[in-house]
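In UniProt numbering, the protein residues as written are 1 to 143.
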């Protein structure tokens, strides 16, 4: 069943080889009750959305991120995509997903900076990441 039919309740799915059919709503309910994890496939049946099944972005996801982001997503950085690493915007440790919506490419320097407690960051409307150095008084209070 394709994803649009599943979302629109238009399709039917077969259970096994006996020909019994279920509706898209029944398929979604069964998947939810069974704790099945949906995957999003590209045109060549490559998985782009790994949900919580894997923490590190696999090569196919890196390719998709490189096509989308083109370079490091830190503001004022133009390191080419080939030199970047995939970063979870919502950390994996806090339930973040390994999917394209939750990941951006950052060069190794900016990837270290996004994890550095001396910096805050915000995501700009164009998807880029803006870093600001934290106030030393704020850092002293946290210590």
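Glycine included, every Cβ here is placed at the ideal spot set by N, Cα and C.
Note down the Cα distance separating residue i from residue j, rounded to an integer number of angstroms.
{"i": "residue 128", "j": "residue 73", "result": "5 Å"}
{"i": "residue 45", "j": "residue 63", "result": "For residue 45, the pLDDT reaches just 45, beneath the cut-off of 50, and the residue's location in the model is therefore unreliable, although a value from the coordinates is still provided. Computed Cα separation, rounded: 14 Å."}
{"i": "residue 220", "j": "residue 97", "result": "Residue 220 lies beyond the range of the chain shown here (1 to 143); nothing can be said about it."}
{"i": "residue 122", "j": "residue 114", "result": "10 Å"}
{"i": "residue 112", "j": "residue 29", "result": "41 Å"}
{"i": "residue 126", "j": "residue 100", "result": "15 Å"}
With DSSP run on the structure shown, which of helix, strand or coil describes residue i?
{"i": "residue 133", "result": "strand"}
{"i": "residue 124", "result": "coil"}
{"i": "residue 26", "result": "helix"}
{"i": "residue 89", "result": "coil"}
Using a Cβ-Cβ distance under 8 Å, would residue i count as near chain B?
{"i": "residue 77", "result": "Chain labels in this structure do not include chain B; a single protein chain is all it has."}
State buried or exposed for residue i, treating a residue as buried only when at least 16 other CB atoms are found within 10 Å of its CB.
{"i": "residue 61", "result": "buried"}
{"i": "residue 105", "result": "buried"}
The beta strand (DSSP E) with residue i in it runs from where to where?
{"i": "residue 105", "result": "103-107"}
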